[in-house]
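See structure below.
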Amino acid sequence: MTEATTPAPERTLVLVKPDGVRRGLSGEILRRIEAKGYTLTAVELKNATPELLAQHYAEHEGKPFYAPLVEFMLSGPVLAVVAEGQGVIPGFRSLAGATDPTVAAPGTIRGDLGRDWGLKVQQNLVHGSDSPESAEREIALWFPTF
Ligand code: IDP
Numbered sequence: 073m074t075e076a077t078t079p080a081p082e083r084t085l086v087l088v089k090p091d092g093v094r095r096g097l098s099g100e101i102l103r104r105i106e107a108k109g110y111t112l113t114a115v116e117l118k119n120a121t122p123e124l125l126a127q128h129y130a131e132h133e134g135k136p137f138y139a140p141l142v143e144f145m146l147s148g149p150v151l152a153v154v155a156e157g158q159g160v161i162p163g164f165r166s167l168a169g170a171t172d173p174t175v176a177a178p179g180t181i182r183g184d185l186g187r188d189w190g191l192k193v194q195q196n197l198v199h200g201s202d203s204p205e206s207a208e209r210e211i212a213l214w215f216p217t218f
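Everything in the sequence shown is counted per the numbering used here, starting at 73 for the first residue and increasing by one.
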């Protein structure tokens, strides 16, 4: 008889961006992730570096919002989180809501708590990986020893 193998749990990288940390929303954001039933397996307050952000946001290099985005991400500490659970990658993106907080649906993190005030970079509180490949790449960047 062959033993059933348990699939590795899906995991994602969440960042509470500097606007979320500054506004004291880290606890509320973690509460929503846990209330949905996901498990937090790593949580660390970190200061990003230009090198780390160049890798994290490599796909956006050359876009008009890239330099202000990097500057914003360097403006204060970021709470880096690894969350685990069934379907957590799309699930967290659905909790986060649309990229632009001015149109994100009520009930989502960005819809309920996000502000934009016409800034050049959308200060939209959170990042969540968009695929299993991105999640593993991003977790390795933010938690190199994990
Ligand atoms: P996501 O965070 O919803 O996955 P991405 O398209 O991956 O959105 O963009 C990464 C981040 O870059 C966004 O969260 C936002 O902070 C910023 N960003 C994306 N598009 C724009 C834009 O058109 N103007 C300003 N900032 C943007």
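Positions of the beta carbon are idealized from the N, C-alpha and C atoms, including for glycine. From a predicted model like this one, the values you see are computed outputs, not experimental measurements.
- Message: At a cut-off of 7 angstroms, would you count His132 as near ligand 1, judging by its Cβ distance to the nearest heavy atom?
- Response: yes
- Task: With a threshold of 7 angstroms, establish whether the CB of Gln194 neighbours any heavy atom of ligand 1.
- Result: At least one heavy atom of ligand 1 is nearer than 7 angstroms to the Cβ of Gln194, so yes.
- Query: Sorted by chain position, which residues of the same chain lie with C-beta nearer than 6 angstroms to Lys118's C-beta, five sequence neighbours on each side aside?
  - Reply: Val150, Ala152
- Task: Return helix, strand or coil for Glu133, following the three-state DSSP convention.
- Result: Correct three-state label for Glu133: coil.
- Task: Closer than 8 angstroms by C-beta to Gly163: which residues in its own chain qualify, once you throw out the five before and the five after it? Chain order, please.
- Result: Lys108, Tyr110, Gly157
- Query: Between the Cα of Val88 and the Cα atoms of Ala212, Val160, Phe137, Glu100, which residue gives the shortest distance?
  - Reply: Glu100
- Could you give the distance in angstroms between the alpha-carbon of Ala212 and the alpha-carbon of Phe218? For Ala212 and Phe218, the distance between alpha carbons rounds to 7 angstroms.
- Query: How far does the alpha helix (DSSP H) with Arg182 in it reach, from first residue to last?
  - Reply: Where Arg182 is concerned, the enclosing alpha helix (DSSP H) stretches over 181-185.
- Roughly how many angstroms separate the alpha carbons of Ala155 and Gln195, rounded to a whole number? 22 angstroms
- Query: Regarding Phe137 and ligand 1, is the C-beta to nearest heavy atom distance less than 7 angstroms?
  - Reply: yes
- Query: Leu141: beta carbon under 7 angstroms from a heavy atom of ligand 1?
  - Reply: yes
- Query: Hey, His128 and Glu210: beta-carbon distance below 8 angstroms or not?
  - Reply: Yes; because the gap between Cβ atoms is below 8 angstroms, this pair is in contact.
- Message: I'd like the list of long-range same chain contacts for Thr180, defined as Cβ closer than 8 angstroms, with 5 residues on each side in sequence excluded.
- Response: Counting only Cβ-Cβ distances below 8 angstroms, and skipping sequence neighbours, we find Ser166, Leu167, Ala168, Gly169, Ala170.
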